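Just below is one structure, and these are the notes that go with it.
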Amino acid sequence: MMPVAEHKVVYLNHMHDLLKAMKEDIAILITAPPGWGKTYRLLSAIKETNIKVCFVFPLRALCEEIYLSALKMNISVLNIRSLSDYQTLQWSHSHLILTTPETLVTEFFVEKEYVFILDELHLFFYWGDSFRYKMQESYFDILSTSCALILLTATLEQSLKERLVRELEVNYRFFYHMNIGNHQLKNLPSKIYFYPKKLKRWLKDDFFIKSHQGTTLIFCRYRNEVREIVSQLRKRDYSVLGCVGGEALDFTQELQRQQFVDYIVATSVISHGVNLPEIRVIYMTFKVENYDFYLQMVGRGGRSGGKFDLHTFNHEYFKWEDLLFGFLRTLLKRFSNRVYSLLYCFYEN
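In the working numbering, the protein residues as written are 20 to 368.
Listed below in structure tokens is the structure:
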């Protein structure tokens with residue numbers, strides 16, 4: 020039976036000591052709230068230690084973001100965008116390699132004794148088991164090597180942690196869990212608005228009336244709904260960016276070109292680590308059944324410590340007092356929106 024140790028605290032300035040201690044047969048899981056800075060603290064540690072690291076991200080957009088950050092920090096980095104880049108890697112002296120599962124050649128890094136880091140670990144289970152089978156394949160390839168391994172996530176339910184331990188103990192002798200905060204938020208919503216399922220119209224009416232400064236984030240279940248809402252908002256002369264699965268890289272590049280957007284409308288793809296501007300309000304146009312995904316979505320707000328509001332159909336994650344005040348808040352908001360609409364129609368006529 021593989022020994023399992025859980026540590027509640029990781030001192031931020033000791034991350035480089037953790038990286039230096041990584042050896043074969045050791046796996047470390049780090050859970051910390053969204054926006055805590057797991058990735059960037061590890062970048063600082065990589066710069067200090069010059070240890071060779073292969074960072075595996077589930078999204079190409081994350082590779083590109085971290086690549087630019089590493090360059091700004093003067094870290095010797097190579098971003099693997101295609102299998103042909105391994106020819107460059109043969110003579111490159113880069114000690115930080117960025118890749119997705121689709122461009123990962125595990126054997127290359129084993130020979131050179133790299134430390135593997137898997138970001139957004141929960142997606143290797145959820146996506147790897149359902150539609151991104153290359154993620155599952157690369158995950159098991161890495162585990163089969165017994166190479167030093169760091170796993171990062173903000174949300175990992177107990178059943179997945181137990182599965183992880185079972186899968187690690189085949190080739191690893193030691194497993195440590197650095198628990199800075201699993202299933203926790205760095206910043207809680209300042210106001211929460213609850214909606215019954217039959218009142219989705221109320222929620223949609225509310226986000227079409229922009230009554231606040233800053234960027235609004237709208238999560239949709241389906242791609243078609245994203246397209247529809249983006250079109251409707253643009254007809255109202257708002258600046259809007261949309262993003263669905265497979266478009267995260269294009270989205271981040273367009274976001275960098277625009278200094279400000281009123282609305283971001285997307286599926287859950289942008290809830291997994293993609294950098295966003297400061298979000299003032301979050302709307303979820305559907306009930307999110309997966310608690311891990313729910314927290315990742317809510318975690319997009321208040322990442323810099325600012326206040327943000329949440330509009331949601333999820334009642335099961337809150338106490339009854341919160342539900343009561345949240346629904347009363349929704350009723351008052353609906354009333355004020357109706358008054359605004361009537362006054363607008365009066366003055367237009």
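Built from N, CA and C at the ideal position, the CB exists for glycine as well.
In this text, all values refer to a predicted model and were calculated from it rather than measured experimentally.
Selected residue, minimal CA-CA separation from residue i, among the options
i      : options                        : result
VAL293 : LYS66, LEU61, ILE45, CYS82     : CYS82
SER258 : HIS330, GLU273, LEU37          : GLU273
VAL75  : GLU121, LEU295, LYS205         : GLU121
PRO215 : TYR158, GLY345, LEU87          : GLY345
PRO208 : VAL124, SER323, VAL96, ILE94   : SER323
VAL284 : GLY321, ARG246, SER355, GLY56  : ARG246
CYS262 : PHE279, GLN251, GLU244         : GLU244
THR119 : GLU186, LYS223, TYR152, GLU130 : TYR152
GLN106 : PHE127, TYR86, ASN93           : PHE127
PHE312 : LYS338, LEU170, ASN201, TYR212 : ASN201
CYS166 : LEU102, GLU43, HIS114          : GLU43
GLY5   : ARG242, THR234, LEU97, THR58   : Lying before the first or after the last residue shown, residue 5 is absent from the chain, which here runs from 20 to 368.
LEU168 : VAL129, GLU156, SER178, TYR145 : VAL129
LYS370 : LYS210, GLN277, LEU108         : In the structure displayed, the chain extends from 20 to 368; residue 370 sits before or after that span and is not available.
HIS114 : VAL96, LEU102, SER103, ASP104  : VAL96
GLU156 : VAL124, LEU204, SER63, ARG299  : VAL124
MET92  : LYS338, SER103, SER149, TYR59  : TYR59
ILE248 : ASP328, LEU361, LEU222         : LEU222
Cβ separation of residue i and residue j, assumed to be a contact under 8 angstroms, to the nearest whole Å
i      : j      : result
PHE332 : LYS352 : At roughly 15 angstroms, the Cβ-Cβ gap does not stay under 8 angstroms, so PHE332 and LYS352 are not in contact.
GLU139 : LYS71  : GLU139 to LYS71, Cβ: 22 angstroms. No contact.
LEU48  : MET197 : 7 angstroms
PRO53  : ALA173 : 5 angstroms
THR68  : LEU117 : With a Cβ gap of about 17 angstroms, THR68 and LEU117 do not count as contacting.
VAL134 : MET41  : 5 angstroms
VAL184 : PHE193 : Contact flag wrong, Cβ pair sits at about 11 angstroms.
GLU46  : LEU268 : Checking the sequence, you will find Ala at residue 46 rather than Glu. With a Cβ gap of about 29 angstroms, ALA46 and LEU268 do not count as contacting.
HIS334 : TYR212 : Contact flag wrong, Cβ pair sits at about 12 angstroms.
GLY318 : THR286 : GLY318 to THR286, Cβ: 16 angstroms. No contact.
LEU170 : LYS57  : Rounded, the Cβ-Cβ distance is 10 angstroms, inconsistent with contact.
ALA80  : LEU62  : Not confirmed; about 17 angstroms, so no contact.
Range covered by the alpha helix (DSSP H) that runs through residue i
i      : result
PHE184 : The displayed chain sequence assigns Val, not Phe, to residue 184. Unbroken alpha helix (DSSP H) run through VAL184: 177-187.
TYR59  : 57-68
LEU295 : Segment: none, LEU295 is in no alpha helix (DSSP H) and carries neither H nor E.
PHE74  : Segment 72-75 is the beta strand (DSSP E) holding PHE74; no alpha helix (DSSP H) there.
LEU78  : Where LEU78 is concerned, there is no enclosing alpha helix (DSSP H), given that its DSSP letter is neither H nor E.
HIS35  : 34-39
Between the CA atoms of residue j and residue i - distance to the nearest angstrom
i      : j      : result
LYS219 : TYR302 : 11 angstroms
ARG348 : HIS112 : 58 angstroms
LEU162 : PHE227 : 48 angstroms
ILE136 : TRP110 : 22 angstroms
VAL288 : ARG240 : 10 angstroms
ARG100 : LEU350 : 50 angstroms
LYS180 : ASN309 : 16 angstroms
HIS231 : ILE199 : 33 angstroms
PHE159 : PRO296 : 35 angstroms
ARG357 : TYR282 : 22 angstroms
GLU340 : ASN206 : 20 angstroms
GLU176 : LEU260 : 32 angstroms
GLN315 : LEU236 : 13 angstroms
ARG255 : SER355 : 20 angstroms
ASN290 : LYS66  : Residue 290 is actually Ser in this sequence, not Asn. Those two C-alpha atoms are separated by around 27 angstroms.
GLY147 : HIS141 : 9 angstroms
VAL371 : GLN203 : For residue 371 there is no data in the structure shown, the boundaries of the chain being 20 and 368.
CYS73  : ARG276 : 29 angstroms
GLU84  : ILE298 : 19 angstroms
Residue i - containing beta strand (DSSP E), residue span
i      : result
ALA46  : 45-50
ALA267 : Here ALA267 belongs to no beta strand (DSSP E); instead the alpha helix (DSSP H) covers 267-276.
GLY261 : 259-262
VAL284 : 282-285
Below-8 angstroms beta-carbon distance, residue i vs any chain C residue
i      : result
ARG185 : Here there is only one protein chain, and chain C is not present.
Alpha helix (DSSP H) segments (min. 4 residues) lying fully within the region 197-248: Segments of the alpha helix (DSSP H) lying fully in the region 197-248: 219-227.
Uninterrupted beta strand (DSSP E) stretches inside the region 91-176 (no shorter than 3 residues): List check, beta strand (DSSP E) in window: 96-98, 115-118, 134-137, 168-172.
In chain order, each alpha helix (DSSP H) run of at least 4 residues that lies wholly inside the region 301-346: Whole alpha helix (DSSP H) segments, 4+ residues: 310-317.
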